[in-house]
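Each number in my numbering corresponds to the 1-based position in the sequence shown with 7 added.
Just below is one structure, and these are the notes that go with it.
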Amino acid sequence: MASTAPQTGTAMPAEWRDFFTLTKPRVMTLVIFTAICGVLAAPGSIHPVLGFTAILAIAMGAGGSAVLNMWWEADIDAGMKRTMNRPLPGGRMQREDARDFGIFLSGVSVLLMGVAIGWLAAALLLLAIIYYAVIYTMWLKPRTPQNIVIGGGAGAFPPLIGWVAVTGEVTAMPILLFAIIFFWTPPHFWALALFVEADYAKVGIPMMPVVAGEKPTRRQIWWYTVLLAPIAIAPWVIGGTSWLYGMTAVTLSLLFAWLAWPVGSRMRAAEGDKMLPEKKLFKFSIYYLFALFAALVADRVAAYQGWIA
């Protein structure tokens with residue numbers, strides 16, 4: 008079991024690439040994309056410079072919280088095959104430098120958002136940072152198999168903040184965008200956890216497959232997929248989008264369910280099967296979210312241009 012407080016150790020001088028790696032750039036891609044979609048899909052308009060500033064602040068906040076996550080979990084990362092070569096467990100950086108970098112990015116992002124855009128958006132950004140770096144990383148993840156369920160809110164903030172940056176208010180549509188990512192996270196992440204279960208077990212992280220077992224995890228992946236579908240379609244149902252988004256959401260959700268069914272209905276595939284159902288679901292789930300939010304923006308552009316009623 009990893010220690011709950013990181014210890015300082017010697018490390019080689021860090022390069023800029025190491026600092027960049029700490030921000031989890033692959034995860035950042037999805038954060039930035041959904042934030043941009045929130046800005047572009049929101050009713051009204053925002054000056055391009057302010058829109059860019061809002062996205063920059065969200066990216067900096069997400070990056071800062073990711074850095075703090077890696078700082079806190081350095082011992083855990085050292086014990087997992089897929090994370091052992093990250094800058095901190097790899098010995099390429101002092102832990103204090105990572106901590107200070109994360110605090111700096113987080114603080115500047117909130118101040119930038121507040122001064123340039125508005126303090127409601129800034130407050131939501133601060134909440135997102137605290138949610139991920141403290142509530143999820145330090146509290147939920149090492150203590151409960153429901154860590155991903157509750158912690159999913161951390162990744163659900165970007166489109167909500169982007170929408171609020173334009174409109175200055177929280178309404179049903181941005182809440183639904185938040186809910187889509189919130190309910191998408193468990194089937195997405197548990198699908199990953201199923202094929203890296205040994206890593207989590209090794210370092211004592213109580214992920215659902217480790218604590219509850221494989222069968223209950225697969226069952227919950229299916230039920231969260233079922234819950235996700237109506238939430239993904241809801242923006243169309245409440246009149247926030249046209250049929251263009253609605254039909255896309257229906258199609259994507261049916262495909263998601265089609266891939267989730269074999270994951271939820273059976274145990275591990277035979278040894279040697281290089282494309283396990285959970286791997287297929289995990290990969291598709293990423294495309295699913297990108298496509299769903301892209302459809303949201305396309306719907307907004309089509310309505311603005313008068314191409315659809």
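We treat Cβ as the ideally placed atom computed from N, Cα and C, and that holds for glycine.
Of the residues 183, 159 and 75, the one whose Cα lies closest to the Cα of residue 145 is 75.
The C-alpha of residue 94 is placed about 38 Å away from the C-alpha of residue 54.
With fewer than 16 other Cβ atoms inside 10 Å of its own Cβ, residue 312 counts as exposed.
Under the rule that a run must span 3 or more residues, no beta strand (DSSP E) segment is found entirely inside the stretch 71 to 127. Relative to residue 46, the option among 38, 263 and 62 whose CA is nearest is 62.
Setting aside the 5 residues that flank it on each side, residue 186 is surrounded in the same chain by 238, each with a C-beta closer than 6 Å to its C-beta; the list follows chain order. Assigned with DSSP and collapsed to three states, residue 272 falls in helix.
Cβ contact annotation for residue 257 (same chain, cutoff 7 Å, sequence separation greater than five): 240, in chain order. Residue 251 and residue 306 have their C-alpha atoms roughly 6 Å apart. Following the DSSP letters along the chain, one finds residue 35 inside the alpha helix (DSSP H) bounded by residues 32 to 48. Excluding residues up to 5 positions away in sequence, 214 and 216 lie with their Cβ nearer than 6 Å to the Cβ of residue 200 in the same chain. Here DSSP, grouped into helix, strand and coil, assigns residue 152 to coil. Three or more beta-carbon pairs drawn from the stretch 92 to 109 and the stretch 23 to 30 are found closer than 8 Å, and the two stretches are therefore classed as touching. A distance below 7 Å between beta-carbons, with the five flanking residues on each side excluded, links residue 207 to the following residues of its chain, in chain order: 200, 214 and 217. In the DSSP assignment, residue 166 falls within the unbroken alpha helix (DSSP H) covering 160 to 174. The C-beta distance from residue 78 to residue 102 rounds to 6 Å, short enough to meet the 8 Å contact threshold. Contiguous alpha helix (DSSP H) elements confined to the stretch 172 to 211 occur at 179 to 202 and 204 to 210, taking only those with 4 or more residues. Contact check for residue 260 against residue 298 fails: the beta carbons are separated by 8 Å or more. Taking the CA atoms as reference points, residue 223 sits about 12 Å from residue 194. Residue nearest to residue 68 within the set 85, 162 and 151 is 162 (criterion: CA-CA distance).
Residue 215: member of the alpha helix (DSSP H) spanning 215 to 218, first to last residue.
Residues of the same chain with a CB within less than 6 Å of the CB of residue 225, apart from the 5 flanking positions on each side, are 270 and 271 in chain order. Bounds of the alpha helix (DSSP H) holding residue 285 are 284 to 312.
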